[in-house]
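Q: Under our numbering, the first residue of the sequence shown is numbered 5, with each subsequent residue one higher. Even glycine gets a Cβ: it sits at the ideal position worked out from N, Cα and C. Before I ask anything, let me first share the structure, which is written out below as structure tokens.
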Amino acid sequence: MKIALISDIHGNLEALKVVLHAAEKQAVDQILFAGDLLGYYYQAAECLALINSWSCKCVKGNHEDLFFSLLADPSLGEALRLRYGSALSRAEKALNSEQIQLIQTWPETLALTVDGVKILLCHGSPWQTDCYIYPNSEINLLQRCAETGFDYVVLGHTHYPMHKSWENTQILNPGSVGQPRNRQPGASWGLLDTFSGSFQVYSETYSTAAIRAQTQLWDPHLPYLWEVLERT
């Protein structure tokens, strides 16, 4: 089976569109989404509708956790806006009750077996949503992933693509659809073939002009939000 691995969409609709178009051209059978639909950018509702039009299995990311914290305690809004921008508050207004309930049903981790291959889908790590496992992270983090006993552990959160092996476990990160941080502009995603065992990371080109204009208008205090999309 061909599986598209995506993560960290962050409300970036144009990036998601080009990734899903590329996945369609590759004739993928399934999409696994490693969390962070929300945060940073502003079209979370449209992104959710788009991934729901595919066969997509999802887990929560830390920005989903932040969103539900905001719903529970609106006084957090200003601190979140100053740190991350206004996207979470805008998502609260844009998402309808059914969409919010759907996101609430996403688990923190999801185990599945495809073609006899055991896959664990999570956001930061199998043990913590907000854990960062970078390509240059300490070996003990990879070892802990391998101790889960899965053939593949699929991660997101860092916004850096990664393919590491430890014992009999492959640790995969497709990078970020919506906000790459590895100085390779574009929308990043991965393709896993469970028959051949191959994993390939792709970066799709798209215009960032519209999202740059939005961030400069709505969150001018955070130039990082548009600069990160284009830095090399």
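Determine the direct distance from the alpha carbon of Asp33 to that of Gln174, and round the result to whole angstroms.
A: 20 angstroms
Q: Going along the chain, which unbroken runs of the beta strand (DSSP E) with 3 or more residues stay wholly within the region 112-150?
A: 113-118, 121-126
Q: Should Ala19 and Tyr210 be called a contact, given that it needs their Cβ atoms to be closer than 7 angstroms?
A: yes
Q: Can you give the Cα-Cα distance for Ala48 and Lys6, rounded to whole angstroms?
A: Distance from the CA atom of Ala48 to the CA atom of Lys6, rounded to whole angstroms, is 26 angstroms.
Q: Closer than 6 angstroms by C-beta to Cys135: which residues in its own chain qualify, once you throw out the five before and the five after it? Chain order, please.
A: Gly128, Ser129
Q: Should Leu99 go down as buried or exposed, given a rule of 16 or more other Cβ atoms within 10 Å for buried?
A: buried
Q: For Asp77, does the count of other Cβ atoms within 10 angstroms reach 16, so buried, or fall short, so exposed?
A: exposed
Q: Do you know whose CA, among Leu42, Pro178, His163, lies nearest Gly194's CA?
A: Pro178
Q: I need the straight-line Cα distance from Gln204 to Pro189, nearest angstrom please.
A: 17 angstroms
Q: Quick one: Cα of Ile215 to Cα of Gly81, how far?
A: 22 angstroms
Q: From the DSSP output, in three-state form, read off Phe203 for me.
A: Phe203: strand per DSSP, three-state reduction.
Q: Only counting the same chain, and skipping five residues up and downstream in sequence, which positions put a Cβ closer than 8 angstroms to that of Ser59?
A: Closer than 8 angstroms at the Cβ level, and outside the excluded window around Ser59, lie Asp33, Gln34, Ile35.
Q: For Val181, which residues from the same chain have a beta carbon less than 8 angstroms from its beta carbon, with the 5 sequence-adjacent residues on both sides left out?
A: Ile10, Ser11, Asp12, Ile13, His14, Asn16, Ala19, Leu20, Val23, Ala191, Ser192, Trp193
Q: What number of angstroms, rounded off, separates the C-alpha of Lys168 from the C-alpha of Ala95?
A: 34 angstroms
Q: If I measure Cβ to Cβ from Leu114 and keep anything under 7 angstroms in the same chain, skipping five residues before and after, which residues do I get?
A: Lys61, Val63, Leu125
Q: If you follow the alpha helix (DSSP H) that Trp222 is part of, which residue opens it and which one closes it?
A: 213-222
Q: Look up Tyr156 in the DSSP assignment and give the residues it is bridged to.
A: Ile123, Gln174
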